[in-house]
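What follows is a short report on a single structure.
In my numbering, the protein residues as written are 2 to 106.
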């Protein structure tokens, strides 16, 4: 399911500027801006090649953010929250860039 469709279906409050994603381990989190989250190619995935996503690949639910580095594609996704303030994600707290766009060569 496109993340955009999900967000539109629940209705995002005007005060929300970011979307925060939680992994089921309660440790891993990450965020996207609302504008990033509304991009058409970002998806909440439950299938891979027509089959349920395997646990070792981040299933049963994972976020897919194709134009950003993989640490933005949260595995074992179990909660999504729209928030007003930015949140420092797991890898960003360890020095990785919040701006995780893959640069074209």
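Beta carbons are placed, not taken as given, at the ideal position from N, Cα and C, and that holds for glycine.
{"query": "Decide yes or no for the touch test of the region 13 to 21 against the region 40 to 50: beta carbon pairs closer than 8 Å, at least 3 of them.", "result": "no"}
{"query": "Expressed to the nearest angstrom, what Euclidean distance is found between the alpha-carbon atoms of residue 85 and residue 63?", "result": "23 Å"}
{"query": "Which first and last residues belong to the alpha helix (DSSP H) in which residue 9 is found?", "result": "4 to 11"}
{"query": "For residue 99, which residues in the same chain have their Cβ closer than 6 Å to its Cβ, ignoring the five residues on either side in sequence?", "result": "93"}
{"query": "Tell me the DSSP secondary structure of residue 85 in three-state form.", "result": "coil"}
{"query": "My output table needs one value for residue 26: the three-state DSSP class, helix, strand or coil.", "result": "coil"}
{"query": "Going by DSSP in three states, residue 31 sits in which element: helix, strand or coil?", "result": "strand"}
{"query": "Could you tell me whether the Cβ atoms of residue 101 and residue 70 are closer together than 8 Å?", "result": "yes"}
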